[in-house]
Every structure is written in structure tokens, then in C-alpha cells.
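Trainee: Residue numbers (the numbering used here): 192 to 617. The C-beta atom is built at its ideal place from N, Cα and C for all residues, glycine as well. My questions will all concern the structure given below.
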Amino acid sequence: MPVTATGDTHRAIEAVFRIESARLIAGLTRIVRDVGLAEELAQDALVAALERWPKTGVPDNPGAWLMATAKHRAIDLLRRQERLARKVETLGHEAEREPTWAEADFERVLDTEVIEDDLLRLVFIACHPVLSTQARVALTLRLLGGLRTDEIARAFLVSEATVAQRIVRAKKTLAAARVPFEVPAREELAERLSSVLEVIYLVFNEGYAATAGDDWMRPALCEEALRLGRIVAGLLPEEPEAHGLVALMEIQASRSAARTGPTGEPVLLLEQNRSRWDRLLIRRGLAALARAEELGGTVGPYALQAAIAACHARARTAQETDWPRIAVLYEALAQVVPSPVVELNRAVAVGMAFGAEQGLAVADGLAAEPALAGYHLLPSVRGDLLARLGRAAEAREEFLRAAALTRNARERALLEERAREQEFLA
């Protein structure tokens with residue numbers, strides 16, 4: 192794949208590295224048993240590509256070239272470490288074979304369970320519970336998403352130095368805790384898998400509805416979360432909640448094009464042009480939900496949320512939405528994962544299914560919840576329910592309170608506009 196222009200070559204290298212980096216780091220971690228060192232070796236291979244490919248062109252199998260280069264560097268490193276002499280001997284025999292063998296072998300191995308197992312192990316390392324949630328997110332996006340430190344920092348509106356520190360600390364924590372490079376035993380899998388799915392969904396949610404900043408959505412984060420979710424579901428095909436999460440993200444992502452107006456302003460669910468919903472993503476989401484249900488995943492939190500999203504996806508118009516079923520599903524979700532936020536969502540569903548007054552009663556029951564004290568969606572939901580009851584002055588106050596609490600500029604503008612609408616009706 193010869194490329195003559197240096198700029199084009201560099202772009203090709205960056206694209207290849209983003210695609211191959213997770214597998215590359217996973218395979219190297221199996222060799223050196225240190226995720227931080229594996230990433231350094233992968234970066235060394237990238238530097239070598241940046242130096243050589245502008246002159247020679249991008250090889251036909253760039254992933255194999257990167258792996259072969261990184262493996263040779265790993266061998267050189269291990270040879271300098273006396274305590275790993277036996278491993279050096281094994282790896283050295285591999286390195287002494289014909290140069291073309293490395294590429295052919297890696298091309299073959301890419302389709303075997305070895306690489307898939309390595310990827311799965313890397314997933315569980317990056318999302319290990321020994322790390323804080325912030326560290327897990329940063330490390331997952333770095334190692335598995337292939338995002339640069341500056342890209343992660345920009346996505347989460349923190350400084351590049353902060354992200355870099357989180358990643359460095361995460362690697363040190365993993366090394367100090369001697370976290371093994373392995374898939375957890377069956378009895379530990381459910382607990383560890385919940386950590387993996389939590390991180391992926393957290394990344395997706397930040398992309399779907401940004402916590403702060405000037406943008407309502409960050410599509411790149413949604414795409415990364417979807418990619419990671421699909422990888423995990425592919426690596427753990429018998430785990431219903433992995434499919435449940437993929438179903439939830441696919442269906443929610445299907446609305447992306449309809450969630451913003453011409454100038455980037457938010458468009459609420461009931462006001463969206465459903466012809467702009469991505470039918471392919473909806474079909475994929477419904478298929479993943481069906482797979483989760485086949486595996487007995489009807490009561491998992493992600494499968495339940497996916498079932499709620501499916502109710503919206505199946506409705507051709509907002510008026511056709513099966514709100515009574517959504518209210519029942521939220522009640523079931525509240526039993527599985529009791530949470531004030533789930534209960535607030537149930538208030539919305541109850542209000543749509545059985546009238547604003549009943550919905551407001553559920554929302555009012557959350558007024559004293561400490562977890563919702565600074566949560567802007569509580570006054571936002573109350574404002575909507577009050578507006579539907581014709582209590583415009585109270586609704587206006589709630590919308591203004593919600594606007595003051597949100598850190599997202601687009602959402603604040605929307606809430607202030609809704610407050611102005613109620614002012615004219617008061």
C-alpha cells in the first residue's frame with residue numbers, strides 16, 4: 192500500500208495504529224506481563240513506522256509489521272533482564288525465523304483465540320476495580336480506544352496533564368497490585384464484568400449527553416463506547432448483559448442525528464423527527480436485545496434499559512409510545528438497581544402513562560433525596576409535569592432552577608427558553 196505524500200502516510204499510520212493498538216498492546220502484555228511497558232513498546236513500534244513508512248510506503252499488512260517490530264523490541268528488553276532469561280530463549284527462537292514468518296504468523300494469529308483472549312484480558316485489566324472510575328475510563332480509552340491523551344482530555348473537559356496523571360497512576364496501581372493478565376474465574380466474572388460494562392456505558396453517556404461544555408453531544412465518545420461494547424459482546428457471547436448493553440447503546444445512538452437542531456441546540460425525545468433515526472442501528476439494537484433475552488437476560492439492568500429504549504424505537508410516532516409498559520419496566524429496573532435517578536425516570540413514564548399529576552407525586556417523593564440535591568434533571572422533570580398541569584409560574588421557577596444547576600451550555604439555553612415560554616402563560 193505505497194503512499195508517496197508524507198502527510199498521507201502519517202494519517203495512514205495514525206489510522207492503522209488506532210485500529211491495531213488494542214490488539215498490539217494486548218499481545219505485548221501477554222509477553223512482558225506489564226501493561227505500561229506493553230504500551231511503551233507499542234509506541235516504540237509506532238515511532239519506527241513514522242520513521243520508515245514515509246520512505247518505504249505502508250506495508251501490505253501494517254498490523255503484522257507493528258507487532259513484529261514491537262516483539263523484537265520486547266525480545267531485546269527481555270534479554271537485558273536476567274530474571275526473564277528462559278522467556279528470552281523462547282522468544283529468541285521465534286525472532287530468528289525468516290522475517291516473513293513474523294508477518295505470516297501474526298496474520299494467522301489475528302484470527303485465532305489467542306489474540307481474542309489477549310484482548311479480553313486487556314479489557315479486564317483496564318477496567319479493574321482496584322482503579323478509580325476516572326482511572327478506568329482514562330485507561331480504557333487509552334489502551335482499548337486508541338485515543339491520545341489530549342483527545343481524552345478534550346472529551347471530558349479536563350487538562351491533558353490531569354489525564355496523563357490518571358493514566359500513569361493507573362499503570363502504577365496495577366503494577367503494585369500485581370494484577371494478573373487473565374480473565375477472571377467464573378465465580379468472579381459477574382462482579383468484574385459489571386465494572387467493564389459500567390466503564391463502557393459511562394463513556395457512552397458522556398458522549399450522548401455531555402455533562403458540561405458547549406456541545407450537547409460528543410459523537411466520538413459514543414462511537415468508541417459502541418466499538419468497545421461490541422468487542423466485549425463478541426468476546427463474551429454467552430453473557431446476556433454484554434448484549435444488553437450493546438442493545439441499549441445501539442438504540443440510543445440511533446437517535447443521534449435527530450437529537451440536535453440546525454445550530455446544535457438540543458431536541459427533546461418527543462419532539463424529534465423520527466425519520467432521522469438510524470434504522471440500521473435500531474435493527475442491530477433489537478437483534479442484540481433478542482440475543483440477551485435468549486440468554487435469559489430479561490432482568491439485567493442493561494437489558495431492561497434496552498427494552499425501554501426499544502419501546503421508543505418501535506413507536507412510529509411519539510403518540511404511539513407504549514408508556515404503560517415503559518413505566519412497568521422502570522419499576523422492574525428500580526427493583527434490580529434501586530436508584531433515585533431510576534425513580535425520577537419512572538416519574539416521567541408514570542406522568543406520560545397515567546397523567547401528569549401521578550407523575551408529579553412520584554417526583555415530589557424525591558425532593559428530599561440527598562443524591563438529587565444538585566441534580567438538574569429533578570427540577571427539569573418537575574417543571575415539565577407542572578407545565579402540563581397548567582401551573583405555569585411554578586414550572587417557570589423549576590426550569591430556571593434546573594438551568595442554574597446544569598453545566599452544559601446547550602442544555603442551559605434550552606431550559607431558559609422553556610422558562611420564558613411559561614412566563615407568557617403565567
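#1: When the Cα of Leu486 is compared with those of Glu429, Phe615, Thr451, Leu477, which residue comes out closest?
#2: Could you tell me the alpha carbon to alpha carbon distance between Gln526 and Ala261, rounded to whole angstroms?
#3: Within 10 angstroms of its Cβ, does Asp309 collect 16 or more other Cβ (buried), or is it exposed?
#4: Given a cut-off of 9 Å on the beta-carbon distance, is the pair Leu557 and Leu569 in contact?
#5: Measure the C-alpha to C-alpha separation of Leu460 and Ser466 and round it to an integer number of angstroms.
#6: What's the gap between the Cα of Arg450 and the Cα of Glu607?
#7: On the three-state DSSP scale, how would you describe Thr340?
#8: For the alpha helix (DSSP H) containing Glu607, name the first residue and the last one.
#9: Please report the Cβ distance between Ala518 and Ala544, rounded to the nearest whole angstrom; I am assuming they are in contact, meaning their Cβ atoms lie under 8 Å.
#10: Taking only the alpha-carbon atoms, compute the straight-line gap between Arg582 and Phe395 and give it to the nearest angstrom.
#11: I'd like the list of long-range same chain contacts for Ile210, defined as Cβ closer than 8 Å, with 5 residues on each side in sequence excluded.
#12: Specify, as a first and last residue, the run of the alpha helix (DSSP H) that Met408 falls within.
#13: Identify the continuous alpha helix (DSSP H) that holds Leu569 and give its terminal residues.
#14: Please state the DSSP three-state secondary structure of Ala559.
#15: Which one or two residues does DSSP pair with Thr451 in a beta bridge?
#16: Does DSSP put Ala652 in a helix, in a strand, or in coil?
#17: With distances taken from CA atoms, which of Gln325, Arg579, Arg516 is nearest His503?
#18: Out of Arg573, Leu580, Arg221, which has the shortest C-alpha to C-alpha gap to Leu591?
#19: Are there 16 or more other CB atoms within 10 angstroms of the CB of Lys362, so buried, or fewer, so exposed?
#20: Residue range of the alpha helix (DSSP H) that His319 falls in?
#21: What three-state label does DSSP hand Ala240 in the structure shown?
Mentor: Let's see:
#1: The sequence position of residue 486 within the sequence shown is 295, counting from 1. Among Glu429, Phe615, Thr451, Leu477, the Cα nearest to that of Leu486 is on Glu429.
#2: Counting from 1 along the sequence shown, the entry for residue 526 is found at position 335. Counting from 1 along the sequence shown, the entry for residue 261 is found at position 70. CA-to-CA, the gap between Gln526 and Ala261 works out to about 49 Å.
#3: Position 118 of the sequence shown, counted from the start, is the residue given in the question as residue 309. Burial call: buried.
#4: Residue mapping note: residue 557 aligns to position 366 of the sequence shown, counting from 1. Residue mapping note: residue 569 aligns to position 378 of the sequence shown, counting from 1. Yes. Within cutoff.
#5: Taking the first residue of the sequence shown as position 1, residue 460 is located at position 269. Taking the first residue of the sequence shown as position 1, residue 466 is located at position 275. Cα-Cα distance, rounded: 13 Å.
#6: Start at 1 with the first residue of the sequence shown, and residue 450 comes out as number 259. Start at 1 with the first residue of the sequence shown, and residue 607 comes out as number 416. So the two alpha carbons sit approximately 18 Å from each other.
#7: As a working note, residue 340 is residue 149 in the sequence shown. Residue state, collapsed to three classes: helix.
#8: Position 416 of the sequence shown, counted from the first residue, corresponds to residue 607. Where Glu607 is concerned, the enclosing alpha helix (DSSP H) starts and stops at 600–616.
#9: Looking up residue 518 in the sequence shown gives position 327. Looking up residue 544 in the sequence shown gives position 353. Yes, Ala518 and Ala544 are in contact; Cβ-Cβ is about 5 Å, under 8 Å.
#10: Along the sequence shown, read from residue 1 onward, the residue named residue 582 stands at position 391. Along the sequence shown, read from residue 1 onward, the residue named residue 395 stands at position 204. In this model, Arg582 and Phe395 are separated by some 36 Å (Cα to Cα).
#11: Against the sequence shown, residue 210 aligns to sequence position 19. Closer than 8 Å at the Cβ level, and outside the excluded window around Ile210, lie Gly254, Gly337.
#12: Translated into positions along the sequence shown, residue 408 becomes position 217. Here Met408 belongs to no alpha helix (DSSP H), and DSSP marks it neither H nor E.
#13: Start at 1 with the first residue of the sequence shown, and residue 569 comes out as number 378. Membership of Leu569 in the alpha helix (DSSP H) is indicated by the continuous run 568–579.
#14: To locate residue 559, count along the sequence shown from 1; it is residue 368. Secondary structure of Ala559 (DSSP, three-state): coil.
#15: If you number the sequence shown from 1, residue 451 lands on position 260. Under the DSSP definition of a beta bridge, Thr451 partners with Pro457.
#16: Nothing about residue 652 can be reported from this structure: the residues present for the chain run from 192 to 617 only.
#17: Along the sequence shown, one-based indexing puts residue 503 at 312. Taking each of Gln325, Arg579, Arg516 in turn and checking the Cα distance to His503, the smallest one comes out for Arg516.
#18: For the purposes of this step, residue 591 is taken as the residue at position 400 of the sequence shown. The shortest C-alpha separation from Leu591 is found at Arg573.
#19: Working through the sequence shown from its first residue, we reach residue 362 at position 171. When all chains shown are included, Lys362 counts as buried.
#20: Position 128 of the sequence shown holds residue 319. DSSP places His319 outside any alpha helix (DSSP H), giving it a letter other than H or E.
#21: By one-based count along the sequence shown, residue 240 stands at place 49. DSSP places Ala240 in the helix class (H, G or I) of the three-state scheme.
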